[in-house]
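Counting in this note's numbering, the sequence shown runs from 102 upward without gaps.
Contents: one structure, followed by commentary.
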Amino acid sequence: MKPANNDIIGQAGLDYLLAGNRNKTIKVWCSIAETDLLPVHYLFRSYSEMPKLEQKAIMNCRGRILDVGAGMGPHSIYLQNKGYDVMALEASGLACEVMARLGVKNILNQDFFEFKDQNRFDTILMMMNGIGLVGKINRFPLFFKKAEELLRPGGQILLDSSDLRYLFMDDDGSFMVNLNEDYYGEVKYKMSYDKMEGKPFPWLFIDDELMAYYAGQNGFKFEKLANGLHYDYLARLCK
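Take a look at the structure:
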């Protein structure tokens, strides 16, 4: 498979799998925060290496599962080994190649909003802030329409996200944002790896209260399952 020019995650994962260099990193630029480094080996983490919120999410999976933005497949691999019927959905072609090499059985290289499956799912799993693919809050009706198409009656969405308000807090704890501007959790990302540089793309971080509001507006019930260590949380959404 010929690597796409902007398939940063996939190329980094394939290089790691073939060469095993644990020192490789992906540089992540964000429009509202300092540039960060993502260790490539973290994309291959085992269950014991996952954050507590991810572990709890996996323990709450049930039935037929759609792993959205599966990456290198750490969640799919664990659930598959536990006997679950899992579909790993991933937009990166090279990441799909990595998952195939690692033994993930059901892989589909497709965008979430274009994906269709007549059998539908009991659980839609969206880890590593997978809800970020919505991009902007005005796209939630589109997201929930697609989720409703994919879920069986009684199905659930499991997602984690973060409230980025800490980036806008003064030393005294006051929270200063301009309410006339876009929601502060709507950010732009750009990634680079070795000599590859990706294009900017929108990504969404959403606080729990606003997530509950948009879930309710679109006919879903919001349930917070756990709080993380730093303004992050795990939630379940059910129709």
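Ideal placement from N, C-alpha and C gives every residue a C-beta, glycine not left out.
Put simply, the stretch 181-189 does not touch the stretch 126-137. Fewer than three CB pairs are less than 8 angstroms apart. If you look at L305, you'll find it in the beta strand (DSSP E) that goes 302-305.
For E250, the closest C-alpha among the options L335, D218, V288, F269 is that of D218. Judged by DSSP in its simplified three-state form, K217 adopts coil rather than helix or strand.
Distance between Y284 and Y290, taken at the CA atoms: about 16 angstroms. In the assembly as shown, I133 is an exposed residue. Its beta-carbon has fewer than 16 other beta-carbons within 10 Å. Scanning its chain for C-beta atoms nearer than 7 angstroms, with the 5 sequence neighbours on each side dropped, one finds around G233 the residues W304, L305, F306, in chain order.
Remark: three or more beta-carbon pairs, one from each stretch, lie closer than 8 angstroms, so the stretch 171-182 and the stretch 140-158 are flagged as touching.
Nearest C-alpha to A120 among H142, D137, T136, D108: H142. For I110, the enclosing alpha helix (DSSP H) covers residues 109-120.
Leaving aside the five residues that flank D108 on each side, the residues in its chain whose CB is nearer than 7 angstroms to its CB run, in chain order, S193, G194, L195. Three or more beta-carbon pairs separated by less than 8 angstroms are not found between the stretch 204-214 and the stretch 254-269, which leaves the two stretches without contact.
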